[in-house]
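Under my numbering, the first residue of the sequence shown carries the number 10, and numbering increases by one thereafter.
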Amino acid sequence: MNVALRPEHLNLISLCTGGAGLDLGVELAIGCARVVCMVEREAFAVTHLVSAMQQGLLAQAPIWSDARTFDGRAWRGAVDGIIGGIPCQPHSLAGKRLGEEDERDLWSDARRIIVQSGAWFVLIENVRGMLSSGGAERVWRDLHRLGFEVEGGLFTAAEVGASHERERIFILAVADAERHGRRQRVSDTGFQRWQSEPHKGCGRFLVDTEKRRTARRVGRTRAFGTEQVCLFHLKRTSGPHRRR
10 MNVALRPEHL
20 NLISLCTGGA
30 GLDLGVELAI
40 GCARVVCMVE
50 REAFAVTHLV
60 SAMQQGLLAQ
70 APIWSDARTF
80 DGRAWRGAVD
90 GIIGGIPCQP
100 HSLAGKRLGE
110 EDERDLWSDA
120 RRIIVQSGAW
130 FVLIENVRGM
140 LSSGGAERVW
150 RDLHRLGFEV
160 EGGLFTAAEV
170 GASHERERIF
180 ILAVADAERH
190 GRRQRVSDTG
200 FQRWQSEPHK
210 GCGRFLVDTE
220 KRRTARRVGR
230 TRAFGTEQVC
240 LFHLKRTSGP
250 HRRR
């Protein structure tokens, strides 16, 4: 398999890839982003991913079957970041909400892979219940201890035009170059360019965001273009604010 590992790209490992929706979203938002390895255990999802690669809808990338056995050390120096929608069952309001006691919880493995691979960019997606279950605070705490600056937000699908709400939390972490001991790469410059041009981000496509928002504000707001997107700030002292 021909996997493109190019220094001008933000090379990413995708955990719990599913249908690659998060992967495609990140690649659309950050033009230099490329998923170069996927980790997915569900057979139907793997079949979909392979089919999409064969049709040229997804870039060629190896697919590992189990996050618990994935060794990130093999990718150290070759990838910049880890993205993933780790299992929601430990946090979902529809489940028992056992958190890290749930055998399906994969945050510990995701954290291990982040360390092993030397990733400096992390994006984690999960359900709203991760805030009140303590899962978001755990992710924040671990990433901060690893030397990352961490922020997150609670968003709805309706904010980007969908007919349903589907609230989701996104936790973004970026490591400081000096603290993390990484060299600046061309991909870093591309990421910084994306950060400095908020008028080109997804927020410019939001219509009447504040009127349609169903979630109450859980932190400060930050402007993206002419619209406002609700963010909760993960403070170093207290962790994320919880919603009940």
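The beta-carbon is built from N, C-alpha and C at its ideal position, and this holds for glycine as well.
Beta carbon of residue i nearer than 9 Å to that of residue j
i, j, result
"A76", "L132", "no"
"I123", "L152", "yes"
"I95", "T26", "no"
"W116", "D89", "no"
"A184", "L163", "no"
"L67", "A29", "yes"
"E134", "G93", "yes"
Sequence-distant residues of its chain with Cβ nearer than 6 Å to residue i (five each side left out)
i, result
"D32", "S23, V44"
"R175", "A166"
"Q64", "none"
"V159", "W149, L152, H153, A182, L243"
"S266", "The chain is shown only over 10 to 253; residue 266 falls outside these bounds and no answer can be derived."
Backbone secondary structure at residue i - three-state DSSP
i, result
"R175", "coil"
"E134", "strand"
"F200", "At F200, the pLDDT of 42 sits below 50, so the modelled position is not reliable and the matter cannot be decided from this model."
"V44", "strand"
"F53", "helix"
"G93", "strand"
"S23", "strand"
"W116", "helix"
"G162", "strand"
"A70", "coil"
"I39", "coil"
"L155", "coil"
"V59", "helix"
"V183", "strand"
"R124", "The identity of residue 124 in the sequence shown is Val, whereas the question assumes Arg. Reduced to three states, the DSSP call for V124 is helix."
"R150", "helix"
"R77", "coil"
Cβ separation of residue i and residue j, assumed to be a contact under 8 Å, to the nearest whole Å
i, j, result
"I91", "L21", "7 Å"
"M47", "L37", "17 Å between Cβ atoms; not a contact."
Cβ neighbours of residue i in the same chain (closer than 7 Å, five flanking residues each side left out)
i, result
"D118", "A76, R77"
"F157", "V131, A182, V183, A184"
Beta-carbon contacts of residue i that lie in its chain and below 8 Å, excluding the five residues immediately before and after
i, result
"R85", "Q125, S126, G127"
Contact with chain C by residue i, beta-carbon distance below 9 Å
i, result
"E176", "No chain C is part of this structure, which consists of one protein chain only."
Specify whether the stretch 75-95 and the stretch 51-59 touch according to this definition: at least 3 beta carbon pairs, one from each stretch, less than 8 Å apart.
no
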